[in-house]
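Before any comments, here is the structure.
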Amino acid sequence: MTDHRARTALFFDSGIGGLSVLREARVLMPDWRFVYVADDAAFPYGAWEEEALRDHITSLFGNLLERYRPALSVIACNTASTLAIDHLRRAYPGETFVGTVPAIKPAAERTRSGLVSVLATPGTVKRQYTRELIRQYGQKCHVRLVGSDNLAAMAETYMRGQMVDEEAVRREISPCFMERDGRRTDIVVLACTHYPFLVNRFRKMAPWPVDWIDTSEAIARRAKTLSDGIGTLPGKPDEADLAVFTSGFPGPELCRLMQGFGLTPTMLQGDQP
72 MTDHRARTAL FFDSGIGGLS VLREARVLMP DWRFVYVADD AAFPYGAWEE EALRDHITSL
132 FGNLLERYRP ALSVIACNTA STLAIDHLRR AYPGETFVGT VPAIKPAAER TRSGLVSVLA
192 TPGTVKRQYT RELIRQYGQK CHVRLVGSDN LAAMAETYMR GQMVDEEAVR REISPCFMER
252 DGRRTDIVVL ACTHYPFLVN RFRKMAPWPV DWIDTSEAIA RRAKTLSDGI GTLPGKPDEA
312 DLAVFTSGFP GPELCRLMQG FGLTPTMLQG DQP
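The working numbering numbers the first residue of the sequence shown as 72 and each following residue consecutively.
See below:
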């Protein structure tokens, strides 16, 4: 990057799931300012047609990049990353993007039983990008793709401090568990940044113990590595860390949640910064 920008990192997700990545990045990048963008006006992304969603994300980023001038943008959403990150890189050359992809490679390397499941949104499950990862890294094991229509919304509900039906959680994760020739699934990849917030529920509802792979820390480490090579102005900007909502100013529950993550709630449009 030729121009030296302030140390601002933008984190983007369809909702509040990307907070799981931001939480890890805060530890690794303490001298950076963070702007968290929840595209809640468009949530859930799974309801969109692919081309329309790609165009929407690309157009929205034009606004975000101009408004906040981040030195680094993290797409903390598997669906958005697998669908749009290559398009974003072409549309905005010179910008630095960090993507989020299902952790199929480390799962395939770590499994002992050879039975791995990838728990994701339907959009991530059907993406050719995901199947290419399986072809490259998962040929020596059996990888089952499990698309959940409801878990992301359940995580949003849970993060807002509301009750989640544990039996409903059990139904969503039950296809992840396979038994073959005396072997059992031993790894489940959490291929949605919303899911780590429900992982304790997953452990409770699972029929047997498995290793739940959360990619949040790995994404944050990648962001840290790239940030070290970006020309930025010294020191952390004076502006507050922000939580930006595309639907407008959030309600009291979300405000409290964002403040708990050290973020000042605001909205994309209007008079606020």
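Just so you know, even glycine gets a beta-carbon here, dropped at the ideal spot from N, CA and C.
Label M329 either buried or exposed according to how many other C-beta atoms from any shown protein chain fall within 10 Å of its C-beta, with 16 as the threshold for buried.
To locate residue 329, count along the sequence shown from 1; it is residue 258. With 16 or more Cβ atoms within 10 Å of its Cβ, M329 is classed as buried.
Smallest Cα separation from A262: which of R104, N149, V315 and W119?
As a working note, residue 262 is residue 191 in the sequence shown. Residue N149 is the option with its Cα nearest to A262.
If distances are taken between C-alpha atoms only, which option among Y200, L204, A191 and R206 comes closest to E345?
For the chain, the structure presents residues 72 to 344; residue 345 sits outside this window and is missing.
Which word fits M72, buried or exposed, when buried means at least 16 other C-beta atoms lie within 10 angstroms of its C-beta?
Along the sequence shown, one-based indexing puts residue 72 at 1. Note on M72: pLDDT 42, under 50, position unreliable in the model; the coordinate value appears next. Flag for M72 reads exposed.
For the candidate residues S144, V106, I87 and E237, whose alpha-carbon lies nearest to that of P115?
One-based indexing of the sequence shown puts residue 115 at position 44. Nearest of S144, V106, I87 and E237 to P115, Cα basis: I87.
If you drop the 5 nearest sequence neighbours on each side, which residues of the same chain put their C-beta closer than 8 Å to that of M249?
The residue you call residue 249 lines up with position 178 of the sequence shown. Result list for M249: L186, S188, H213, R215, R255 and T256, in chain order.
Evaluate F83 with the Cβ neighbour count: other Cβ atoms within 10 Å of its Cβ, from every protein chain shown; 16 or more gives buried, anything less gives exposed.
For the purposes of this step, residue 83 is taken as the residue at position 12 of the sequence shown. So F83 ends up on the buried side.
I believe T171 touches S152 by the beta-carbon criterion, under 8 Å. Please report the beta-carbon distance rounded to the nearest angstrom.
For the purposes of this step, residue 171 is identified with residue 100 of the sequence shown, where counting begins at 1. For the purposes of this step, residue 152 is identified with residue 81 of the sequence shown, where counting begins at 1. About 4 Å separates the two Cβ atoms, so the contact holds.
Going by the CB atoms, is the gap between V92 and L313 shorter than 8 Å?
One-based indexing of the sequence shown puts residue 313 at position 242. One-based indexing of the sequence shown puts residue 92 at position 21. It is not a contact, given that the beta carbons lie outside the stated cut-off.
Can you tell me whether M234 is buried or exposed? The criterion is at least 16 other CB atoms within 10 Å of its CB, across all chains shown.
Stepping through the sequence shown from its first residue, residue 234 is reached at position 163. Classification of M234: exposed, given that the 10 Å Cβ count is below 16.
Whole alpha helix (DSSP H) elements within the region 122 to 178, 4-residue minimum
149 to 162
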